[in-house]
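Chains as they are written, first to last, in our numbering: chain A, 5 to 588; chain B, 5 to 588.
Each residue gets a CB set at the ideal place from its N, CA and C atoms; glycine is no exception.
Only a predicted model underlies this, so the values are computations on that prediction, with no experimental measurement involved.
Protein chains: 2
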Amino acid sequence: MKQPEDIVGGGPTSPLAFRQAVGSSPQARANPIRLPPGISAEVFQTFTQRAAAICGDENVVIISNSDELNHESYLDPSKCHDMYHVLEDDYFISSAVITPRGVPDVQDMMRLCNEFSVPVWPFSIGRNVGYGGAAPRVPGSIGLDLGKHMNKVLDINVDGAFALLEPGITFLDLHEHLVKNNLRDKLWVDVPDLGGGSVIGNTIERGVGYTPYGDHWMMHCGMEVVLPDGSLIRTGMGALPNPKADPSRPPHEQDACETWQLFNYGFGPYNDGIFSQSSLGIVVKMGIWLMANPGGYQSYLITFPKDEDLHQILEVIRPLRVGMVLQNVPTLRHVLLDAAVHGNKKSYTDSTKPLTDVEIDEIAKKIGLGRWNLHGALYGPAPIRDAMWGVVKQSFSSIPGAKFYFPEDMPDNLVLQTRHLTLQGIPSTTELKWVDWLDNGAHLFFSPISKVSGDDGVAQYKMTRTRCEEFGFDFIGTFVVGMREMHHIVCLVFDRKDPDSRRRAHKLIATLIDDGAKNGWGEYRTHLAYMDQIAATYNFNDNAQMKLNEKIKNALDPKGILAPGKNGVWPKTFDAESFKVPFQ
Amino acid sequence: MKQPEDIVGGGPTSPLAFRQAVGSSPQARANPIRLPPGISAEVFQTFTQRAAAICGDENVVIISNSDELNHESYLDPSKCHDMYHVLEDDYFISSAVITPRGVPDVQDMMRLCNEFSVPVWPFSIGRNVGYGGAAPRVPGSIGLDLGKHMNKVLDINVDGAFALLEPGITFLDLHEHLVKNNLRDKLWVDVPDLGGGSVIGNTIERGVGYTPYGDHWMMHCGMEVVLPDGSLIRTGMGALPNPKADPSRPPHEQDACETWQLFNYGFGPYNDGIFSQSSLGIVVKMGIWLMANPGGYQSYLITFPKDEDLHQILEVIRPLRVGMVLQNVPTLRHVLLDAAVHGNKKSYTDSTKPLTDVEIDEIAKKIGLGRWNLHGALYGPAPIRDAMWGVVKQSFSSIPGAKFYFPEDMPDNLVLQTRHLTLQGIPSTTELKWVDWLDNGAHLFFSPISKVSGDDGVAQYKMTRTRCEEFGFDFIGTFVVGMREMHHIVCLVFDRKDPDSRRRAHKLIATLIDDGAKNGWGEYRTHLAYMDQIAATYNFNDNAQMKLNEKIKNALDPKGILAPGKNGVWPKTFDAESFKVPFQ
Numbered sequence: 005m006k007q008p009e010d011i012v013g014g015g016p017t018s019p020l021a022f023r024q025a026v027g028s029s030p031q032a033r034a035n036p037i038r039l040p041p042g043i044s045a046e047v048f049q050t051f052t053q054r055a056a057a058i059c060g061d062e063n064v065v066i067i068s069n070s071d072e073l074n075h076e077s078y079l080d081p082s083k084c085h086d087m088y089h090v091l092e093d094d095y096f097i098s099s100a101v102i103t104p105r106g107v108p109d110v111q112d113m114m115r116l117c118n119e120f121s122v123p124v125w126p127f128s129i130g131r132n133v134g135y136g137g138a139a140p141r142v143p144g145s146i147g148l149d150l151g152k153h154m155n156k157v158l159d160i161n162v163d164g165a166f167a168l169l170e171p172g173i174t175f176l177d178l179h180e181h182l183v184k185n186n187l188r189d190k191l192w193v194d195v196p197d198l199g200g201g202s203v204i205g206n207t208i209e210r211g212v213g214y215t216p217y218g219d220h221w222m223m224h225c226g227m228e229v230v231l232p233d234g235s236l237i238r239t240g241m242g243a244l245p246n247p248k249a250d251p252s253r254p255p256h257e258q259d260a261c262e263t264w265q266l267f268n269y270g271f272g273p274y275n276d277g278i279f280s281q282s283s284l285g286i287v288v289k290m291g292i293w294l295m296a297n298p299g300g301y302q303s304y305l306i307t308f309p310k311d312e313d314l315h316q317i318l319e320v321i322r323p324l325r326v327g328m329v330l331q332n333v334p335t336l337r338h339v340l341l342d343a344a345v346h347g348n349k350k351s352y353t354d355s356t357k358p359l360t361d362v363e364i365d366e367i368a369k370k371i372g373l374g375r376w377n378l379h380g381a382l383y384g385p386a387p388i389r390d391a392m393w394g395v396v397k398q399s400f401s402s403i404p405g406a407k408f409y410f411p412e413d414m415p416d417n418l419v420l421q422t423r424h425l426t427l428q429g430i431p432s433t434t435e436l437k438w439v440d441w442l443d444n445g446a447h448l449f450f451s452p453i454s455k456v457s458g459d460d461g462v463a464q465y466k467m468t469r470t471r472c473e474e475f476g477f478d479f480i481g482t483f484v485v486g487m488r489e490m491h492h493i494v495c496l497v498f499d500r501k502d503p504d505s506r507r508r509a510h511k512l513i514a515t516l517i518d519d520g521a522k523n524g525w526g527e528y529r530t531h532l533a534y535m536d537q538i539a540a541t542y543n544f545n546d547n548a549q550m551k552l553n554e555k556i557k558n559a560l561d562p563k564g565i566l567a568p569g570k571n572g573v574w575p576k577t578f579d580a581e582s583f584k585v586p587f588q
Numbered sequence: 005m006k007q008p009e010d011i012v013g014g015g016p017t018s019p020l021a022f023r024q025a026v027g028s029s030p031q032a033r034a035n036p037i038r039l040p041p042g043i044s045a046e047v048f049q050t051f052t053q054r055a056a057a058i059c060g061d062e063n064v065v066i067i068s069n070s071d072e073l074n075h076e077s078y079l080d081p082s083k084c085h086d087m088y089h090v091l092e093d094d095y096f097i098s099s100a101v102i103t104p105r106g107v108p109d110v111q112d113m114m115r116l117c118n119e120f121s122v123p124v125w126p127f128s129i130g131r132n133v134g135y136g137g138a139a140p141r142v143p144g145s146i147g148l149d150l151g152k153h154m155n156k157v158l159d160i161n162v163d164g165a166f167a168l169l170e171p172g173i174t175f176l177d178l179h180e181h182l183v184k185n186n187l188r189d190k191l192w193v194d195v196p197d198l199g200g201g202s203v204i205g206n207t208i209e210r211g212v213g214y215t216p217y218g219d220h221w222m223m224h225c226g227m228e229v230v231l232p233d234g235s236l237i238r239t240g241m242g243a244l245p246n247p248k249a250d251p252s253r254p255p256h257e258q259d260a261c262e263t264w265q266l267f268n269y270g271f272g273p274y275n276d277g278i279f280s281q282s283s284l285g286i287v288v289k290m291g292i293w294l295m296a297n298p299g300g301y302q303s304y305l306i307t308f309p310k311d312e313d314l315h316q317i318l319e320v321i322r323p324l325r326v327g328m329v330l331q332n333v334p335t336l337r338h339v340l341l342d343a344a345v346h347g348n349k350k351s352y353t354d355s356t357k358p359l360t361d362v363e364i365d366e367i368a369k370k371i372g373l374g375r376w377n378l379h380g381a382l383y384g385p386a387p388i389r390d391a392m393w394g395v396v397k398q399s400f401s402s403i404p405g406a407k408f409y410f411p412e413d414m415p416d417n418l419v420l421q422t423r424h425l426t427l428q429g430i431p432s433t434t435e436l437k438w439v440d441w442l443d444n445g446a447h448l449f450f451s452p453i454s455k456v457s458g459d460d461g462v463a464q465y466k467m468t469r470t471r472c473e474e475f476g477f478d479f480i481g482t483f484v485v486g487m488r489e490m491h492h493i494v495c496l497v498f499d500r501k502d503p504d505s506r507r508r509a510h511k512l513i514a515t516l517i518d519d520g521a522k523n524g525w526g527e528y529r530t531h532l533a534y535m536d537q538i539a540a541t542y543n544f545n546d547n548a549q550m551k552l553n554e555k556i557k558n559a560l561d562p563k564g565i566l567a568p569g570k571n572g573v574w575p576k577t578f579d580a581e582s583f584k585v586p587f588q
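Listed below in structure tokens is the structure:
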């Protein structure tokens, strides 16, 4: 077990029946270890010894809340705290990170956490970096690192076009696995902007990609889940045993029925959804549908010169997308998002203020893009692509100044070349570069769901850009067009080493959430710091949905040990008020 | 309140804490009213008076288990018992049918049922006739008829291509609504084989249709649900209030946020699935995505001459469907299904035995079809349809004797003409005719989920046909090909007035369920009589899924009043054993 030598008492032990945030008080934070709330140093030591007995000494790492962390020399800091911290970097931090070696370790850890009433925060890879990374909502929780040892592609089925995965498999891993096995000509993975994240993690957080399979949650099929009490279920057809399964093997190793990854719903209540964006179970295996090679592919970029083109662009997109002429999940990107991939702010200007329209136009000209830039793709054999492209080109040509490009027209456009890969399911990490727009760049997302309409898009753009500039930031954003709506993703880049920059970013997001709710816009996902605030906006009929969520939470996890506070769902054993995120 | 004059005691009142099936004992069945289990005639009378005070006298109908029912002259028998009863027709029967006038009535009824511990079985239209119709699982339950008064199309949104519906809207209603409002040229409904069922009912039971929008559950978006305690939630984005909503209106009448029907998942746990095929809530409003007019349509029929073609047909279908060249949900129908729509068994033969291969071939020849017949469709403008058709035709031409037809080639083929409508979302009830294959025809389905593979299809066909013939029935069936799997639907027609025919049918289905489980095949949906048996086959890891279902059920419905026994989920307040379905 790796641990600092200086474990000392972590403040008074509060009654386990009702947990308060003693662990995050300034007094507690002065201690070298952020203990779980209500857990004394002595109990914690016993707990970690027991954990080591389950997972092995080498798989229990005690996290020291010391200078090391602040100086970023800490062993893999992304696994215990929020890399892109908008609060102080030791706020959302684990007391220990434990890496189970397999499903039975996860089950035993849940039983142990119940026995000790220790909160536990599972993560797969910890790379949802704009939303808190691997850090827990409750300071001092145990981080449960699923991805490190549970990192196998368990099955690739060509006939059924699916994969069965463990949490440690990233989009990059899965793609490389296909390439290595000469399957890439048959099957494509849908990938998000950055390929380094866990397929399971991204999917259960309801992340999106950009091929016709962009709605990852829709395309998952069948899960194996450890419940808060340590029991193990398989969802959908997975609940039907394979008659050929070896009954002498433990359940998690038994062959599943052959339709587990072919049909989502099984028989009776369809439970999968309650394990997404939730704290009700730990997904240890998941099936995901792969896209059959469509027999042809052509990505494209359409640029639009003027800021005010936004309205018309969205009005053109809507019927094309609903009619599936836009076959994939297209993205309409503000020029600064592309600009930030090509270079940092300093490379374009000496200004430290939000860029003016004139300055933005200069940048657009310099990199040869429009104010708004639409990345899409055509799939299928040439006659089908040609038919689709004819409609697409004609439709967008109604917007004066629209220009149409294929990747070969812009060999030096890093974004277009990257999107050309992304939209055919080849993952990369190139686009992470936009985080370097500012020095010590970190990012947060504000991600409201919107109608696909000119009026709504323009209203959201105006509101978010005005607020960004009011708080001293550039607007960097993109509209990601799903089946019937847009995820409007505002990418807020701030300087994580500048307390003022962090404070402004923090306040900006909080303000935008309230602004959004006043307009009837809600977010689909958020950083740890805003979970309570956003959950509180989903308050129809006296918070009826949250009351349901809490009822289910308390039934499945009576001690409230699994990811308490996740997306605003607080178990009855936690005093939510005392865990409120501080404004600095 | 409509009621017979002779309510008398319905057997001893058992402790309400643990309900046993006194209501279904032969003694109880001799009574004119099948009282709810554990409820005395006196308590029942008080309950119905209270119900009348909630919903109005005219909306409470006491069901007399009398001769009238047996003689089928009873007022709308489909609303209180199982029309196509495989048990005696007074086994699955309600004590009363109550028709709420709106959401508040539903809420108040749930509160009343909780107060009196009376089980309640909600239905929308009651037309899932092969699965029990409107009849309750627990004899003597209250039937809650949602569709009679709650029957409005609340919204049709052309831009967003969705409808918001109440439970009483059938597929026929919705289609006619589009036609009446001149919207049919813009929007199509996906419809199942028979258009008379509720869109909500079909969708939450996870029924399918045959256009590219065939997976109804996948295409639903946003629900309003009354929970067992009478509280009201809106799921997904519906939990986010519309800032313009009038706070003086009751919650169910308040305008929802505009993205309720555009984005399914909302924020936090995605709860919708637990309200499908379940007993956890009553869906009183639901959004469903409509298909944009694809700009072109061509249905087709491909016939295959030989029984043994099945293997190769399925092997051809699989990659075409996974690759979306087969754009819709195609069906591969056994010739007798089409034959039964064209005429009853007597019209083809004097034999009362299962038809031999020679006889089946004669019938196929007579109606100009193959042994297997594939109904599909192409969607989109001509260049796209042409490209798809080229691949489809070439692929199936590898099967000797395959013949290709468009509807105009067979103007007298009733099935092809009907499928031509169905596959473009125009509902009908024509195909109900196959139930008349036998006199007093009733039907049951055996519906296993299968891999799309020649081996699996042939094995299922052999197993089910052999068993059908063993029990004296013809095999009538169809393979319905979804995204990655087939719903193999075996349509068992029996004579409901012939006790021997019913007994054989009952035993046949029960046998097939066991046969299926032994092969790793599970059913996606079933008749009331087989819910327990099928649920018991989904028993991975010591029934872990059922334990989860029960935990959630008991948390949300502690008195177990909502649809106890639905799909095998028995609340802790019910003695499942005593409700076991009898074999006659």
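Does the beta carbon of residue i sit closer than 8 angstroms to a beta carbon anywhere in chain B?
i: P255 (chain A); result: yes
i: P387 (chain A); result: yes
i: L79 (chain A); result: Summary for L79 (chain A): the model assigns pLDDT 48, below 50, so the residue's position carries little reliability, and this model does not support an answer.
i: I565 (chain A); result: no
i: L236 (chain A); result: yes
i: V573 (chain A); result: yes
i: T541 (chain A); result: yes
Looking at chain A, is there any beta carbon in it that lies within less than 8 angstroms of the beta carbon of residue i?
i: C117 (chain B); result: no
i: Y528 (chain B); result: yes
Using only the alpha-carbon positions, how far apart do residue i and residue j sit?
i: K511 (chain A); j: F587 (chain A); result: 8 angstroms
i: I102 (chain A); j: F127 (chain A); result: 11 angstroms
i: V456 (chain A); j: S303 (chain A); result: 22 angstroms
i: V64 (chain B); j: M222 (chain B); result: 35 angstroms
i: R188 (chain A); j: L182 (chain A); result: 5 angstroms
Using only CA atoms, which one of the options lies nearest to residue i?
i: P306 (chain B); options: B:T360, B:V122, B:N275, B:G372; result: The residue asked about is misnamed: residue 306 (chain B) is Ile in this sequence, not Pro. Among B:T360, B:V122, B:N275, B:G372, the Cα nearest to that of I306 (chain B) is on B:G372.
i: L150 (chain B); options: B:G272, B:V497, B:P171; result: B:P171
i: M550 (chain A); options: B:Q111, B:K190, B:N275; result: B:N275
i: S252 (chain B); options: A:V195, A:N545, A:N571; result: A:N545
i: I517 (chain A); options: A:T530, A:E474, A:F483; result: A:T530
Leaving out five residues before and five after residue i in sequence, what residues of the same chain have Cβ atoms less than 8 angstroms from its Cβ?
i: D365 (chain A); result: R375
i: R322 (chain A); result: V456, S457
So, for residue i: in the same chain, excluding its five sequence neighbours on each side, which residues have a beta-carbon less than 6 angstroms away from its beta-carbon?
i: F48 (chain A); result: L39
Practice item. With 7 angstroms as the limit, tell me which residues of the region 122-146 of chain B have their beta carbon closer than that to any beta carbon of chain A; keep them in chain order. Key: If the cut-off is 7 angstroms between Cβ atoms, the region 122-146 of chain B has nothing near chain A.
Point to revise | Members of the region 543-563 of chain B near chain A, C-beta cut-off 9 angstroms | key: Those would be N543, F544, N545, D546, N547, A548, Q549, M550, K551, L552, N553, K555, I556, K557, N558, A559, L560, in chain order.
Practice item. Using a Cβ-Cβ cut-off of less than 7 angstroms, list which residues of the region 248-282 of chain A approach chain B; keep chain order. Key: Of all residues in the region 248-282 of chain A, the ones placed with a Cβ closer than 7 angstroms to any Cβ belonging to chain B are P255, C261, E262, T263, L266, F267, Y269, G270, F271, G272, P273, Y274, N275, D276, G277, I278, S280, Q281, S282, in chain order.
Point to revise | Residues of the region 483-508 of chain A whose Cβ lies closer than 8 angstroms to any Cβ of chain B, in chain order | key: Taking a C-beta cut-off of 8 angstroms against chain B, the contacting residues of the region 483-508 of chain A are G486, M487, R488, E489, listed in chain order.
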